[in-house]
Every structure is written in C-alpha cells, then in structure tokens.
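J.: Before we start, here is the structure in question, set down as structure tokens.
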Amino acid sequence: MKTSPASAARLAPAATWWRSLSRLAPWLGWGVLGVLVLLAALGPLYLSAFDLVLAFTLFNYMTMAQSWNLLGGYGGQFSLGHSLFVGAGSYTIAVLLLHSGLPLLLDLVLSGLLAAALATLAALLLMRLREAYFSIGSLGLAMAALTWMLNWSFTGATSGLNLPPAATLDYSTLYYLALGLLVATTLTIVLLVRSPFGLRLMAIRDDQEAAAELGVNSFPVKLVTFAISAFFVGLAGGLIALNKLEIEPDSAFSMNWVITMIIITIIGGIATSTGPLLGAVVFFTLQQVLQNSQALSSLLTGLLLILIIRLAPEGLWPLALKLGRRLGEALVSRLDRSGSTTTATALAAEEAVRGRSTLSDG
Amino acid sequence: MVLYHLIDGFFLGGLYVTIALGLTLVFGVMNTVNLAQGEVLIGSAYLTYTLASLTHLDPLLCLLLVAPIMFVIGYLVQRLLLNPLIPRGQETLLVATFGLLLVAETLFGLIYGNNTLSLSASYTLTGVTIFGDTVRTIYVIALVAALFLVVGTHLLLTYLPLGKAIRAAAEDPGAAASIGINVPLVYGITFGLAAAISAVGGTLIGLSFGFGPTTGSSWLLRSFTVIVLGGMGSLWGTLLGGLLIGVLEEVAASIVGPQFRDLIVFAFLVIVLIVRPEGFFGQRVGVAK
Amino acid sequence: MSTVCKAARSLFLMAMLALSMVACGGTGGSSNQTIVIGATLPLTGALAAVGVLLKAGYQAAVDDINAAGGLEVNGQKYHVNLVILDNTSDPNTASNQATTLYLQNNAVALLGPFTPPLVIPVSQVAERVKRPLISTTAPIEAWLSARPSGWQYAWDVFFDEKQQTSMSFQVANMVKTNKRVALFTDNEEDGVTMGKLWTEEAPQFGYTIAYRAIFPVGTTNFSSQIAAAKAANAEVLITQMTPPDAMALWKQMKALGYHPTIAESEKGSSTTTWMQALGNVGEGALIANFWSRSFNYPGSQELAARAQKAGIKATIEQAGYIMGYSITQVLFDAIKRAGSTDPEAINRAIGQTNKTYPVGPIHFGSNHADPVQAIMLQWQNGETVQVYPPVSGVSLEAPAKGLA
Amino acid sequence: MQAASTVGGGPQQANEAPLLVLRHVTRRFGGVTALNDISFAVRSGELLGIIGPNGAGKSTLLSLISGAQRVSEGEILFAGQRLDRLPAHAIARLGIGRAHQIPRPFGRMTVLQNVLIPVHARRNEDPGRRRLSDDAEEILRLCGLLDRKDRQAGSLTLLDLKRLELARALALRPRLLLLDEVAAGLVGQEIEEITQLIASIHARGVTIILVEHVQAVVRALAHRVIVLDWGRKIAEGRPEEIARHPEVIAVYLGSEQGEQAPAHQTMSVSEPAAAMAAARESDSRHTLPSARATSTAAVRPSPPPLLDVQHLSVDYGKLRALRSLDFSAGTGEIVAVVGANGAGKTTLTQAISGLVPVSEGRILFAGQEITRLPAHQRSRLGIALCHEGRRLFREQTVRENLELGAVYATRGATTSFAQRLERVYDLFPVLRERAGSQAGRLSGGQQQMVAIGRALMAEPRLLLLDELSLGLAPAVVDQLFAALPQILAWGISVVLIEQHIQRSLAVADRVYVLERGRVVFCGTPDEVRAHPALQQAYLGVAAAPASPAGSPATSEHEQHPVSGS
C-alpha cells in the first residue's frame, strides 16, 4: 500500500477502513481456507467421474508446476530436464507394482524418492553450470535418460510397462491422492520458501557470490532444492502412471511435461506460490476448451506465452494483484470522497485482502 | 568399415555445422539461446519447398530467395519481439523463443499439413566415391557449404565494417553505441544473418532427409551438442564440433549399435558441459578472431 | 499470516475451478434419441496420414446410418453422434481424450486410433471405465502382450503378423534371389515385435538374416547401415519403420547404390506421401495390407468409389477408409444385437460378431482379436497393386524399380 | 549488538598475535597482475585503512580475504588458520564480513530477509529462530534501517543500500569487517553518519579493514593506513605520515603538477586540519547552489554553447544520480569536471552521449535537441565518448578499433579516413607501430591512446574524456595531456574528467565541481583553486567527522524527499 502520507491524511476514514480490513485479512484467510478445504475434500460427493479425472489432471499440473517453480523460480535454475523426474516416478511405481509386493502407497513414496535421488545425482553433475548452460545440461540429461529407457529391456524398452490390473484405483481415490499431493507440495514449498533455507535459496538466485560472502554454502542448498523439486514431480509421475496404467518412454519422459510446467509457471507468475496454481487453471482451461482443435490450442498457448513475456513478464498473478490493488485504492478514494463508507462491497474487501499480501509475495 | 564410418561421419558433420551455425552466431553476439532454432531450420525448408514446387527450380537455387526472406523474418522477429526483452535477461529470452517455437510448429502444421516432406533434386539420389567408399553427394555439398559458410562468416566478421560492428556490439554494446554503432540494428542484422545461414542448413536437411512440423526439436538438440562441444558461440568451434559430432555418431553407432547413437550423443553433451562448459575450441563469435 | 492468506488464495482458485467443473459437467450429456460414439485419432502429428483415413471411414459409416433414419435399437431409432478428438499422435493426449469421451461425452463405445503406442493407452482407459473399444492396429501381438491377463473391453481387427511374416518370404520366393536378407526395424513396439518374427521365421523359408539394423525412430542418417547391408550382399530388404525414416532410408539407398531385388517397406509406404516424397525412388516397394481392389466383399467396391470421390485415391488409403467403415459397422451391429445402449451388453455383443464386412469376414477370437486376411501390395506406377496372393494381370516387379 | 560481548576487548588489546596476516599475496588475471607481493598484518581490534587510486587493487585485496577470489601466490592467515584455501562461505562463518563498494543486495528480498541470511549462517551458535530474528532487528536498528525492514531491498536509496551492506556484514557477528568504500557516493551528512556508525562498530571491538576513497573518513578513523598503487603497496604508516608521503602525493596529484602547485598541495594533503577548517568555513552545501547560479551565468560563453545541458536529472531506479544539473561546453573549450567518486561525473558523460536515459531536463548539441536521441545517432552528430576503463574492443586490432571509430561516426566529416588515421598516428606514434596488435594486449597507456584515437577517428566536435589517466604511470599521463592542445587545435571541444585534479586545472578553461549529482561550483581554474568548495567536493570533507550529528533517521527523511515514492 503505497499511499503517500499526504494523501493518506486526506483520505483518513477510508484509509482506516482499509487498514482495519487488512487486519482482518488473516482471519478472512483462515475462513476461506477452511471452506475451501471442506469443498475440495468433499469433491467426490458432488463431482462426476469425469470431473474427478479433470481435477486429477489439473492437480497434477499444479503440483508439477509448483515443484518446477521451486527450482526454476525461487532457485533461478531454469531446468529444461524435469521430464526426467516425471518418467522416473512413473517407471518406479510401475516396476515396483510389477515386481515387488510392497503396498501401493509405499511404492508411490518410493517413486518420489527415486526421482529425488536421481535429482541429487543430476545436481551434482550440473552444479557448476549457470543460466543457459544449466538449461542445456539438464535438457541433455533428460534426453539421455529418455534414450536409455528406449533401449532398456528391463522396463520393456519402447513398449514400456503395463501396470497390473489390480493396481486400478477408482477415480475418487486418484482424486484424493492428487489433491493430497498438491496440498503437501504447496504447503512444503510455501513453508520452505519462508524458512531460512528458502532465504538462502533466493539469496543464491539473486547473487551467489554475495551470498557466499555472507556464509551461504550454495552447494547443499542447490542439491536439496533440486531433490525436493524432483521428489514431488516424481510423486506426480507415479500418480500419472496409476491413472494411465500403461507407460512407455516417449510419453513418460516426454519434453511436453517440462514444457507444460514452464508454460504454467510463466503464465501464472514465476517465483510466486500462487502463480503456478493460477497458471495451471488458465492453461488447463485453454486445453480443455480447445481440445477439438489442438492446433488452435497450442497456437494460443504460444501466443499467450509471448504476450505475457512481452507485456507482463511477472505473470498473471502479480498482474492481477497489481490491478486489484489499484482498483481497491481507487475504490477507497472514491468512497472516501463521496463520504459513504457504508457501501463496502465484497469486491473491495477482497481486493484489500489481496493487495495487502503483495508485499510479502516473494 | 571403420574408415567408412569416419568418412561418412565427417561429411555428415558438415551438415551439422550448417544447422548449428545460426545458433552459434546468436549466442556469440547476443548471449541468447534461441530455442526456436529448429523451427528456423524447418521453416526455411518449408519455404524452399514452396518455392521449389512453384518455380520448379533447384532447391539450392531457391536459397537465393529463401535466405533473404529468412533474413528479413529473423530481423523482424529480433527487432519487434526479442530486442525489447534483452534488458530483462536470458531467462526471458529463453521463454520468448520458446513461445516462438510453439507458434511456429503449429503454423507449419496448419499451413503444410503434418506429412513428412522432403526436397527433391537429382543429387540427393547420387553418391560420390571417396577412398573407395560411396558417400551421398548431398553430404559432400553440405560439407562444402559448411566450409563456405564458416569461412564466409569469419571473413565477414573480420574484414567487413558490418562484421567489425557485430563483434564490437558483442563485446561491449555500450562502447559500440558510443562510437556510432546502432546496436539494436546490429543485433537485428545478426539475428537475420543467423536465420539466413540456417536457411542453408534447413534446405540441406530437407534435401538430405525429410521434415515435418515437429522435426525441429531434434535438430535443435543436435545443434546444442555441436555448439556445446565447440564452445558456445565459437565459429571455428562450431565447425570442429559439427565434424566431431558427425564422426562420433557414426563411429559410436557402428560400435554399440545405432539404437544407442542418441544416448551416446546426449551423454557426451552432458559430459562436455560438466568437464569443460566453455567447450573445447575457442571463444565466442564476438570476441573470437 | 501471509502463508495463510496464500494458501487460502490457492484454495479459492481450486474452488472456482471445482465450481466451473460442476457447471460444465452437465453439458456433454446425451438425449434419449442420441447415441454417442467417440474416437480419439491422430489427426495431426506423425501418424496424421492414417488418422484422417480412419476418420473419413468412421464418419462415412455414421453418416450412412443417420441417413437411414438412425440406429435401430430395440425398435427405437437413435441418432448416432460421432465425437472425434485429435490426439496429435501423442499417447498422453490419447489417454486423456479417451477418458473425456467415455466420461464427459458419455460415449457408449470408442473407435480406436492407430498403432500400438496410441491404441494401448486408449485400450487401458476402456478397461478402466468398462466400456468397449474397437480398434485396428498391427501388430496384434504387441497389443495382446500389453495386458497379459487379457483384454475385457478392447477389441482389435487386423491381420495376424505371423501370417504377414511368412508372406514376406513367400513373396520373395516369387523371384530368384540369394535368400540373404537385410532387416531394418526401428525400436517402436511394432518394429521390435516384427523384427523378432522375421528373424525367427526366416530359416523356415530358407532365408538368412545377413544384416540386421535396429535404430531409434527419428534416425536420419543410414549410410553406415546401408553400407553394411551392401557388404553383406543382401538381395532381400525387409523394413518396418515410420514413414519419414523409411523415406530417408530409400533415398539414401538410392544415393549409395544399394540395389535389393525385393524391398519391403512396412508402415513406411502406407500412404501416398510415400510416392509424393520419393517420386520414382518409391517404385517397387512392397507393403502388407488387408484390402485391395481385387476384393469383392459386399459393399467394398462401392466404398472404394466413395473414397475416390472423397479424394482418397490410392488403393492403400482406401483400405484404411474401408477398415474404418467396417469396424464402425461392427459396432453398430453389436449395438443392434445388444438391443440396448448398455456398454456391458454392447461389449458382449461385439464378441458375437460373425459377419462379412466390406473389409472381409470379421469374427473375434477369445483373445479379442480378429485376424483378417493379409495380402501383399506393391507400389507400381504410383499406385498399389496386389502381388500376393497373385491376381491376374498384375505381376511382381523385381528388382525393385525405384532402387535399381 | 551482541558483537561486543562475544569478541570483547578493543584497540587496547593490540599486543597479541595478529588477527590477519597476508604474506606475499599476488593475484593475476590472465596476464595482468592486479596485486603484486602484498604483505601486511592486522592486529586484533585495529582499524586499518587502505587507500589508493582507482584500479590500485583495493577491492581485489578484499576479495582475496573474503574468498570471493583465489590468490595466485602467497598465503592469508586468519587467527592462525589458512584462509586462502577455504570457500567463501566458510570464511564468512569464521567471522569475516564484507561490505561491497557497489552494494549487492538480494534485490527481490526484503531488508529483513537480507539481514537474516548472515544471521542464519552463524549456525553453530543457533539459539532458536525467535532469538535470531531479534538479533537481525537489533542490527537493523543499529544501522538505522529498522523502519524499512519490510521494504524490498531493490527499492532502497543508495545510502540505505550502503547501510544494508554494513548491516549484512555485521549480522555475521564478525571479528574482522572488510569495508569497501562505504562512503563512496555519499557526501556531507551521510558521510558523517556512516563514519559514526563505523566508529561505533569499531568501539565494540570489531577489527576493521577500511578501503576508502574519502580521505576524511580514513583520517578520522584509521590507526594505520596502507597505500596501494597499481597492485603494489607503496606506503604504510599512520594517517598523518601517509599524508606527507611523497610517493602518495605523486600518486594522487601527479609529480609535475604537484610541484607546480605547492600551495594547493599543502592545503589539501599535508594539512588536513587546514582542509577541515576550510570545509567548515564553507559551512554547508546548501548555500552553494545560489553561488553556482551566479558564477555559471557569469562564466557561460556568450555565443550559444556547443553543448548545453539544462536541468538534467538522471535516475538509476530509485537513486537519483544527477539532480537538475546545468552544464555547458563552448566551441574550442576544455571543460573539466571534478568531484568525488559517485558525484555523478561518469553519469553526466553517459547522459550526454546517450548511454543512460534522462529523467528530466534537456540536452542541446549545436543547437539541436538530442535528449531522446539514441547513442549511436549522437555519436554521428559529433559527440565522442572515451569511456572510463577505456572499453576497447580488446580482441580486435588497434587499427580495427580505430576503423570502427571512423566508420559509423560523424556525418559530414571534412577529412578523409586516411587523413584522420594519419592524424591519430601522428598524435600517438606508438599506435602506428602497434597497428596490427590486439588492443587487449597493449599496456594501459597505449590502450588509453587507442581509446582516445578511436574517439577522434569520428572527427567529433565534442570529446568526452572520462578518467583520462586512471591507473596510468605519470610519464604516460604527461603524454596524454600533451596531446590535448593538438586535439583542441583540430577544433574539438573537450570535457575532461580527471582524478589528477591539478593537471586538469592546469589545462582547463572552465571547471565544474560536482557533488552528489549537483553542480556546486563552476568557474575558472583560478577561481576554483581559491574556493573551498573544491576541497569539500573533491576530498569529501564535510563538517568535521568528530562532531556528533542528529539522529540518522530524521536527517534521512530530510535528505531523501523522493525515497517514499
């Protein structure tokens, strides 16, 4: 809220109103949160099977973009190789279901862990690289993994693997798994970014040398970030395999995964925790609405990406916040001028809530 | 047989040089990775295809028109889209060229359909005997073109005022501007030049193999390997890198089997990046002699 | 505090989405008078050339039944609504779209895409939602092995690959060769399966695999492999690879002076792009198929004429059209027999199919697959003609003209 | 501040073994030796000053200690432990904090978050999160940043960024603090504030190495001073001794002019007390703008000047680098611009040549408005800039550099390319000999000649020379200055920025004194020599550093009316 002192004085009543609203914001937030958790948790009660599938896919998009954003946005490491972890997760759960008698949930966790282990290895290899070099290096790794999987007979080479029919979960179970994963991912990343660890991560992104001179060892920070990011992507990969029941290298390790993550994050807002969620909704809606004309869909996606990067490079979420704040301020000042603070619309209230949290939106 | 792989890989490498040269130029001068390089190549191939089927001229002759058109397209894209983004850093440019990739891929499909097309000319179906082994004539042409392009680009950068301006802008845009060099214009020209050079690479792809709307990305990956090996942005490095990758691919394919060819190439890409990110040969275009 | 706010905001979005989903949920429903049939097809991307043929075939069958007043089920006429989505040749998209068609559009059954990489994920969806799918894909073996416990709701019509492999050698027997084979297969499911079969079957027919090349899809340079095949003195060439790769291979064989007597190009030469891209070089290539102009099953010639009118001129493309038409009819017949739109009933009825369709007689085995008769076609003067089993007026051209 | 309790002791405890020892430390960059065989020791609790001209290697020295760069030869010991093998973060955790000359904030994070990073780095004494953030706030209070703790670091003013640099270094609870030109770019009140801050930190027992250009700060704080020049240590001693050291005088003033202007030398260097007195006499800057206005009007040449800069303001983000500045240069004039580091000299030349965007005001050149013209077009109108640090195209040959200067430059040139090339070769004969060499391989002096030559090749009407003699040996500097009359004879006006102030006064027709982005004085060299404003601006001597000032927070608000926007 950047009202200058002078104007603040002039707009005293509205500003007071505004401030008291801001003070209410956390409670409002809790309230909305509670309602939403309830709404989402009860999804299967009022959603059709198809809606559940849609939500499942959307949640996975959100999870993957959120995880990519941890490394690419907060960490400043523009990975083009995250498809590797989707594939690793998918294959791990398939192999475990086929060859081990472990319970399904454990298999799922293991698929995330294997992706994280691979990521640790990748991070060790790519640690020294920055900017374009890192991007190309990560892409190279993902492509090497894909070509390896195309030839590995243990995982069925190009034919891939088919999950045992016994592993077939009903759609509401899948929905809950994806929802749980999304909530876990988002919470973990939000908390992480706010922790000392997150501070170190962002410091490295902003200026690695300066950070080192303030005692930040970039090595473990990058390593752990890479691993966490891959862990959740790997879990999402496992869920995707559970839904598809059939996996093969070209689609499990498809470049499209990382492309999707990047597009979603950029559209929604890189290095914000809400951006990937919003971006996923926009991207997914576009995809669903235009699924009869794939060409138009990808054309629009490409154009949207170019438009965003050209006109609002921070992404839609920060843009929405900015516009919201401006609208809110305009409303407050108008209300104040007319002297009627009684007609406080719900819209203005919401803008106040949003506007308030911009400053903290890393 | 080993000799054959060496020879064939060497000539094939010439083709790789022509496809990677545009990427090198753009990275060397603007420090930008053009993710749409594959689409520049394929787009040129489509243009040549259109022109060749309209005029029934030889595809290589069509280049005389296609290269200038690609130059103009590249110039406009740089000036209108990329140039304003330069101050915002590499990531932004990466995303922008990525958007271009998506748009171009779709447009190709919409305009030309999804079938694999290829350019035909008599020399795509003939071979040349070298050291007792037959090599496709088109590869020999590609190698000659590669040498011609690298030497030509080198001469341009070294001796022509424009080339010197490009190198100056690459090394220090601020200093270049203050001695009268129009840096955005130079960047635009460089991008256009890269696109024009890629027109040669694209047409050679169309002649040697085939192309469809989505073939671009595999050529982008190939180009990455070449320029990483040669040292990102180095002109002579690209020449050596291209030839080396060609030979490596063929020899590796013959030793461990063609199905592992890509695995070896990508593993090599990663290893080179890790061991020597600056590549093995020389420096950036802008600052290389 | 802001953590809470942020989480709240995130969830708020999810709620909006959930609401929008609820809002959209009702739109795809079917009225009493309509039956929805779905298909996710590769209309763009690498497999688009075949996808459009199947689409035309499916559409023609549906148009016919609607023109006849609709599909009669239990005395009531239903309008058939065919919903076709483009999966861009991408398996992930195909899987998602199949789910959409079944659950959102309430399709009672799906007609299949093409090739194992697309058909298998769609088949898995059919099993999951327990609604039928009829597809056409080779090789059946690859499709069957994807679900060792057996398919319950997915059905496949295509010729048997064992039959196809023996045919390759029987055709080669028609001319004099040194019986040395160069075998080129890519590493896709069908390439792997077929490569294995040819290797196994060759000795039975007195052929030796003199050179064997396996390579990934998208390989561009075949010089080394061609040189090796040449060095192995292989006069019989058998290939199973995607059209772009096959075209690259053919051009390079021409350039490098490899002249096989027999040149079979499975999958690669399956559409007219083969001749468009290769010109004369493509002449003489052999390809197995399930229909040719010599077939005289009921309706098959009329369909060919209709396809011709629709711009589908080459025999081999008309075959795809006719196959598409036929399996749609199989589905219609099954629905009629089932006497209801209940997917379970339809699925049971499909299993009872036993009738001759334009593409030939169709009868599913217990493994849900129907092997139709395979024939061998050869590209001659820009058109495919049947060379095996031999028909009058057509003879096998050897050595392969384009490569000579 | 916790530092006091942990470290304890102060300057008194100076007898024990040295805290930091450098032995024969050498640092090379490719072929260039940035530091050559430097040895010295710092006692615990000492405050060591390091001074020297730009390019002397001061910042490099700090980078070697902090681990940001590796030593090429020699060793560095801290409390008996080898530092030169440790990574930077480990060095930081040993308790060595560094504040950079050019602030390097984590721009997308808040001020508090910036400070929390080093606080969290002290892991081994982790007493819990609550305690740590209290600690951070404590440090922010000390540095006067507490009320801005939730602001994005990228939006701070320069002074606040400098404070943030300090705060971050302090948050490491350092035993040794490396301060790199913390006062650079600050003047008057601000210098005073920062000086007090440093003094109070030092009083708590922190050992400090202070690299500083503003000698007043050094003099007020340092126990001992080391002078670096061109990578070598040329002197070491108490501040007063250093001020009389002949070699130091030579480095700062140039041997020749140093002799020619003994009076000034005495005043500015040898007698700090006098300088301070003079500064006090001038009282405050606030009276100066009016003086500037009158004197500018008086001296401004009567025909319309070749270059006329009116009310020029330039902003770097939130930082205003030039404030409504008036400036002019007539045909055939040499105009000298002097001022402390960060006064805005380079910004002025860059604004004139179009390399930085102008926020307010106009620039007229030969009667034409060029305020919004891109740089290359201004160059073609006849404005040539010879950059600070030369910025040659190092991989291209000397001749190519000269050619580049000619090809894209002034329209309507009267001389041919060959003539101009001859002129440059005649001016600097050594360039003719080295025409085929790569510019990057030449010595610094030769490179400067190429840079001037490249600018001259455009046949400009105005030549902007930014730091003509930076880091060059006196003999070379003599050569460069000898070329100026010839350049004038070709009808080229010159704007000269030069740290050898006596030299520039000797050749200039008029002199502008810049301070904190404003012109504080303008007049003939003689007037300037006689005026105390020169000392104030150039030496940065404001009010006496010893006198206590008001609370930093309140003065900050007065100083930065724009900071809230």
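Residue numbers (the numbering used here), protein chains in the order written: chain A, 19 to 380; chain B, 85 to 373; chain C, 921 to 1324; chain D, 30 to 594. Note that CB positions come from ideal geometry on N, CA and C, so glycine has one too. In this text, all values refer to a predicted model and were calculated from it rather than measured experimentally.
1. Count the other C-beta atoms from every protein chain shown that fall within 10 angstroms of the C-beta of Gly1313(C), then say buried if there are 16 or more, exposed otherwise.
2. Kindly indicate which three-state DSSP category Tyr194(A) falls into: helix, strand or coil?
3. Counting only runs that start and end within the region 368 to 414 of chain D, where is the beta strand (DSSP E) found for 3 or more residues in a row?
4. Between the beta-carbon of Val113(B) and the beta-carbon of Ser128(B), is there less than 9 Å?
5. Taking the beta strand (DSSP E) that Asn1078(C) belongs to, which residues open and close that run?
6. Counting contacts by CB-CB distance shorter than 9 Å, is Val208(A) in contact with chain D?
7. Contact criterion: CB-CB distance below 9 Å. Does Glu255(B) meet it with respect to chain D?
8. What is the rounded straight-line gap between the Cα of Ile277(A) and the Cα of Ser129(A)?
9. Find the nearest neighbour of Glu556(D) within the set Ala535(D), Gly546(D) and Glu544(D), judged by alpha-carbon distance.
10. Using the three-state DSSP reduction, which class does Gly247(B) fall into: helix, strand or coil?
11. What is the DSSP secondary structure of Ala326(D), reduced to helix, strand or coil?
12. Less than 8 Å between C-beta atoms, sequence neighbours within five positions excluded: which residues of the same chain meet that for Asp111(D)?
13. Where do the N-terminal and C-terminal ends of the alpha helix (DSSP H) with Thr954(C) fall, by residue?
14. Should Ala1270(C) be flagged as near chain A, meaning a C-beta pair shorter than 9 Å?
15. On the criterion of 16 or more Cβ atoms from any shown chain inside 10 Å, does Phe172(A) qualify as buried, or is it exposed?
16. Does Ile273(B) get closer than 9 Å to chain D when you measure Cβ to Cβ?
17. Does DSSP put Ile265(B) in a helix, in a strand, or in coil?
18. Give me the subset of the region 1140 to 1159 of chain C whose CB atoms are less than 7 Å from a CB atom of chain B, sorted by chain position.
19. Look up Ser342(D) in the DSSP assignment and give the residues it is bridged to.
20. Regarding Glu104(D) and the ligand MN, is the C-beta to nearest heavy atom distance less than 8 Å?
21. Assess, as a yes-or-no matter, whether the region 956 to 970 of chain C is touched by the region 1002 to 1016 of chain C under the definition of 3 or more beta carbon pairs within less than 8 Å.
22. Would you report the Cα separation of Leu141(B) and Leu147(B), rounded to the nearest angstrom?
23. So if I threshold CB-CB distances at 9 Å, which residues from the region 133 to 152 of chain D count as touching chain A?
24. Provide the residue span of the alpha helix (DSSP H) that contains Glu334(B), from first to last.
25. When Cβ atoms are compared, which residues of the region 1039 to 1070 of chain C fall closer than 9 Å to chain A?
26. Count the other CB atoms, across all protein chains shown, that sit within 10 Å of the CB of Leu70(A); report buried if there are 16 or more and exposed otherwise.
27. Measuring alpha carbon to alpha carbon, tell me which of Pro214(A), Phe77(A), Ala248(A) and Ala135(A) ends up nearest Leu98(A).
28. Whose CA, out of His149(D), Glu241(D) and Leu193(D), lies closest to the CA of Leu175(D)?
29. Can you give the Cα-Cα distance for Gly946(C) and Phe68(A), rounded to whole angstroms?
30. Give me the chain B residues within the contact set of Leu290(A), using Cβ-Cβ distance strictly less than 7 Å, ordered along the chain.
31. Just to make sure I have the definition right: I need the residues of chain A whose C-beta is within less than 7 Å of the C-beta of Arg127(D). Which are they?
32. Kindly indicate which three-state DSSP category Trp303(B) falls into: helix, strand or coil?
33. What first and last residue would you give for the beta strand (DSSP E) that runs through His999(C)?
34. List the residues of chain A that Leu201(D) touches, going by C-beta distances under 8 Å, in chain order.
35. May I ask you to list, following chain order, the residues of the region 1166 to 1178 of chain C that have a beta carbon less than 8 Å from some beta carbon of chain B?
36. Anything in the region 319 to 343 of chain B with a Cβ closer than 7 Å to a Cβ of chain C? List those residues in chain order, please.
T.: Once the coordinates are examined:
1. Translated into the one-based positions of the third sequence, residue 1313(C) becomes position 393. So Gly1313(C) ends up on the exposed side.
2. Locating residue 194(A) in the first sequence gives position 176, where the first residue counts as 1. Tyr194(A) falls in the helix class under three-state DSSP.
3. 389 to 394
4. Taking the first residue of the second sequence as position 1, residue 113(B) is located at position 29. Taking the first residue of the second sequence as position 1, residue 128(B) is located at position 44. Going by C-beta atoms, Val113(B) is not nearer than 9 Å to Ser128(B).
5. By one-based count along the third sequence, residue 1078(C) stands at place 158. Sequence check: residue 1078(C) is Phe here, not Asn. Taken as a continuous stretch (DSSP letters only), the beta strand (DSSP E) holding Phe1078(C) covers Ala1074 to Phe1079.
6. Residue numbering aside, residue 208(A) sits at position 190 when the first sequence is read from its first letter. Chain D, which has no Cβ nearer than 9 Å to the Cβ of Val208(A), makes this no.
7. Within the second sequence, the letter at position 171 stands for residue 255(B). It does: the Cβ of Glu255(B) has a partner Cβ on chain D nearer than 9 Å.
8. As a first step, residue 277(A) is located in the first sequence; it is residue number 259 there, counting from the start. As a first step, residue 129(A) is located in the first sequence; it is residue number 111 there, counting from the start. Roughly 22 Å separates the two Cα atoms.
9. Walking along the fourth sequence from the start, residue 556(D) turns up at place 527. Residue Ala535(D) is the option with its Cα nearest to Glu556(D).
10. As a working mapping, residue 247(B) is identified with position 163 in the second sequence. Correct three-state label for Gly247(B): helix.
11. If you number the fourth sequence from 1, residue 326(D) lands on position 297. Here Ala326(D) scores only 42 on pLDDT, less than 50, and its place in the model is too uncertain to base an answer on.
12. Mapped onto the fourth sequence, residue 111(D) falls at position 82. The amino acid occupying residue 111(D) in the given sequence is Arg; Asp does not appear at that position. So the qualifying residues of the chain are Glu104 and Ile105.
13. If you number the third sequence from 1, residue 954(C) lands on position 34. Thr954(C) -> not in any alpha helix (DSSP H); beta strand (DSSP E) instead, spanning Thr954 to Leu961.
14. Your numbering for residue 1270(C) matches position 350 in the third sequence. What sits at residue 1270(C) in the sequence shown is Ile, not Ala. No, its Cβ sits nowhere closer than 9 Å to a Cβ of chain A.
15. In the first sequence, residue 172(A) corresponds to position 154, counting from 1. Exposed.
16. Taking the first residue of the second sequence as 1, we reach residue 273(B) at position 189. No, Ile273(B) does not count as interfacial toward chain D.
17. Position 181 of the second sequence, counted from the first residue, corresponds to residue 265(B). DSSP places Ile265(B) in coil when its eight states are reduced to three.
18. Thr1140, Asn1141, Ser1143, Ser1144, Gln1145 and Ala1147
19. For the purposes of this step, residue 342(D) is taken as residue 313 along the fourth sequence, with counting starting at 1. Answer is Glu389(D).
20. By its list of ligands, the structure shown contains no ligand whatsoever, and the ligand MN lies outside what it can speak to.
21. yes
22. As a working note, residue 141(B) is residue 57 in the second sequence. As a working note, residue 147(B) is residue 63 in the second sequence. Roughly 10 Å between the two C-alpha positions.
23. Arg133, Pro134, Phe135, Gly136, Arg137, Met138, Thr139, Gln142, Asn143, Leu145, Ile146, Pro147, Val148, His149, Ala150, Arg151 and Arg152
24. To locate residue 334(B), count along the second sequence from 1; it is residue 250. Glu334(B) -> alpha helix (DSSP H) spans Leu319 to Val340.
25. Ile1040, Pro1041, Ser1043, Gln1044, Val1045, Glu1047, Arg1048, Val1049, Ala1062, Ser1065, Ala1066, Arg1067, Pro1068 and Ser1069
26. Within the first sequence, the letter at position 52 stands for residue 70(A). Burial call: buried.
27. Looking up residue 98(A) in the first sequence gives position 80. The candidate whose alpha carbon is nearest that of Leu98(A) is Ala248(A).
28. Within the fourth sequence, the letter at position 146 stands for residue 175(D). Residue Leu193(D) is the option with its Cα nearest to Leu175(D).
29. Stepping through the third sequence from its first residue, residue 946(C) is reached at position 26. Stepping through the first sequence from its first residue, residue 68(A) is reached at position 50. With a pLDDT of only 43 at Gly946(C), under 50, the local geometry of the prediction cannot be trusted, and no value is derived from it.
30. Position 272 of the first sequence, counted from the start, is the residue given in the question as residue 290(A). One detail in the question is off: residue 290(A) reads as Thr in this sequence, not Leu. Close partners of Thr290(A) in chain B (Cβ separation under 7 Å) are lacking, with about 15 Å as the shortest Cβ gap.
31. Residue numbering aside, residue 127(D) sits at position 98 when the fourth sequence is read from its first letter. What Arg127(D) touches in chain A: Glu231.
32. Here residue 303(B) refers to the residue found at position 219 of the second sequence. In this structure, Trp303(B) counts as helix in the three-state DSSP scheme.
33. The residue you call residue 999(C) lines up with position 79 of the third sequence. Gln996 to Asp1006 is the span of the beta strand (DSSP E), which, as asked, contains His999(C).
34. In the fourth sequence, counting from the first residue as 1, residue 201(D) sits at position 172. Those are Leu232 and Gly233, listed as they occur along chain A.
35. Met1167, Ala1168, Lys1171, Gln1172, Lys1174, Ala1175, Leu1176 and Gly1177
36. For the region 319 to 343 of chain B, the beta-carbon criterion of a distance under 7 Å to any beta-carbon of chain C is satisfied by Glu334, Ala337, Ser338, Gly341, Pro342 and Gln343.
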